[in-house]
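Here the structure comes first, spelled out in structure tokens, and everything after it is commentary.
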Amino acid sequence: MKNILVLGGTRFFGRKLVERLIEDGNKVTILTRGQSGNPFGEQVEHLIADRSNKEELAQAVEGRQFDIVYDNICYSPKEAHEFCEVFNGKINKLVFTSTLSTYEMDGKEKSEEDFDPYHYEIIMGDKLEFTYGEGKRQAEAVFFKYAKFPVVAVRFPIVMGEDDYTRRLHFHIERIANREPIGFVNMEAEMSFIQATEAAEFLKWAGMTDIEGPINATANGKISLAKLIQLIENATREKARISLLGNDKIRSPYAIPNSWYMTNEKATKYGFSFTHLDEWLEPLISAIARQAEEEK
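In terms of our numbering, the sequence shown opens at residue 517 and continues consecutively.
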């Protein structure tokens, strides 16, 4: 049994992670601002604090030791540095949720070596001062420089699921079902994805194994945006209305100029077995399409 703290564990893949940690018999503590409640009840200890407020965070965990901390909600070098100041000497491992956005969108398959956080220039600042990708790059760099505990930075592509609060896949399905236009830049661009349940399983695995450093986690396979839209057309029985210009209102969250995908070879060599995109993407699209039809 491990003593585990999860920052950002009440929704989507963070919630699924906590569920799996509980099922395995671990002692789990969640820390939230208290705005989204506690879906786990007495199965977890619930600490209430603002993760971005160093004083609140330090007070909430004062006198505590943890085997593993999962940080799903760090977006800046400032937050990462304050985390290290609070937790150095108090935890045995950090699993930090990072992103494909640490890599350039240049059309080439991305491996961990394509972004080196160990030699990246740190510019200290808050999340509002950086893009999402740069904030995560900076956070990785800070963790690997200042942490006095092992760190694994899990780089996910876009995570998909029926309960995705960002509703990025839902956006496409609902607009096609409603015969509304969607704006793209390059329909032939290819992307990689991971399902929420698999993301949760990988985070759990990353915490329980001896791996350290950056590691990619993505389902096997990739898909072009044209093929993705075709799957949605099949599920909705509607023809997509595609615009290669478009404004912010209709622009796809997947409107990328070049292919953007990663290899999971490193994680596979360490022993994690990934699903293939073909196994779950089409059923997921069909489930969301049915849900959208029922809500009409």
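Idealized CB from N, CA, C, for every residue including glycine.
Specify whether the region 605-619 and the region 649-669 touch according to this definition: at least 3 beta carbon pairs, one from each stretch, less than 8 Å apart. Result yes; three or more Cβ-Cβ pairs closer than 8 Å.
Of the residues Val544, Thr647, Val522 and Glu558, which one's Cα is nearest the Cα of Tyr819? Because residue 819 is not part of the residues shown, which for the chain are 517 to 812, the question remains open.
Rounded to whole angstroms, how far is the Cβ of Ala742 from the Cβ of Leu533, which I believe are closer than 8 Å? By one-based count along the sequence shown, residue 742 stands at place 226. By one-based count along the sequence shown, residue 533 stands at place 17. Distance from Ala742 to Leu533 at the Cβ level is roughly 33 Å; contact not present, criterion being Cβ atoms closer than 8 Å.
Can you tell me which of Asn780, Pro697 and Asp726 puts its alpha carbon nearest to the alpha carbon of Ala735? Position 219 of the sequence shown, counting from 1, holds the residue named residue 735. Its Cα nearest to that of Ala735, the residue Asn780 stands out among Asn780, Pro697 and Asp726.
DSSP three-state call for Phe599: helix, strand or coil? Residue mapping note: residue 599 aligns to position 83 of the sequence shown, counting from 1. It is helical.
Option in Ile801, Glu571, Gly553 and Asn554 with minimal Cα separation from Phe687: Within the sequence shown, numbered from 1, the residue matching residue 687 stands at position 171. Comparing alpha carbon positions, the residue from Ile801, Glu571, Gly553 and Asn554 closest to Phe687 is Ile801.
Taking only runs of the beta strand (DSSP E) that begin and end inside the region 676-729, which ones reach a length of at least 3 residues, in chain order? Taking only runs of at least 3 residues, the beta strand (DSSP E) segments lying wholly in the region 676-729 are 697-699 and 709-711.
At which residues does the alpha helix (DSSP H) containing Phe660 begin and terminate? Indexing the sequence shown from 1 puts residue 660 at position 144. Element bounds for Phe660: Tyr648 to Tyr662.
C-alpha distance - Asn588 paired with Glu628, whole-angstrom precision: Position 72 of the sequence shown, counted from the start, is the residue given in the question as residue 588. Position 112 of the sequence shown, counted from the start, is the residue given in the question as residue 628. C-alpha separation (whole angstroms): 19 Å.
Considering only the alpha carbon of each residue, which of Lys785, Ile727 and Leu547 lies closest to Val611? Here residue 611 refers to the residue found at position 95 of the sequence shown. Closest option to Val611, judged by alpha-carbon separation, among Lys785, Ile727 and Leu547: Ile727.
For Ile731, which option in Trp796, Ile584, Asn519 and Pro633 has the closest C-alpha, if you only look at C-alpha atoms? Residue 731 sits at position 215 when you count from the first residue of the sequence shown. Of the residues Trp796, Ile584, Asn519 and Pro633, the one whose Cα lies closest to the Cα of Ile731 is Pro633.
Which word fits Tyr681, buried or exposed, when buried means at least 16 other C-beta atoms lie within 10 angstroms of its C-beta? Translated into the one-based positions of the sequence shown, residue 681 becomes position 165. With fewer than 16 other Cβ atoms from the protein chains shown falling within 10 Å of its own Cβ, Tyr681 counts as exposed.
Where do the N-terminal and C-terminal ends of the beta strand (DSSP E) with Phe790 fall, by residue? Counting from one through the sequence shown, the residue named residue 790 turns up at place 274. Segment: none, Phe790 is in no beta strand (DSSP E) and carries neither H nor E.
On the CB-based measure, 16 or more other CB atoms within 10 Å of its CB, does Gly848 come out buried or exposed? Here the chain comprises residues numbered 517 to 812, so residue 848 is not present and cannot be evaluated.
For Val667, name the three-state secondary structure that DSSP assigns. Within the sequence shown, numbered from 1, the residue matching residue 667 stands at position 151. Strand, per DSSP.
My output table needs one value for Asn750: the three-state DSSP class, helix, strand or coil. For the purposes of this step, residue 750 is identified with residue 234 of the sequence shown, where counting begins at 1. In the structure shown, the three-state DSSP call for Asn750 is helix.
Bounding residues of the beta strand (DSSP E) (the contiguous stretch that carries Lys543): Against the sequence shown, residue 543 aligns to sequence position 27. Run containing Lys543: Lys543 to Thr548, per the beta strand (DSSP E) assignment.
Inside the region 592-642 only - beta strand (DSSP E) runs reaching at least 3 residues: Listed in chain order, they are 610-615.
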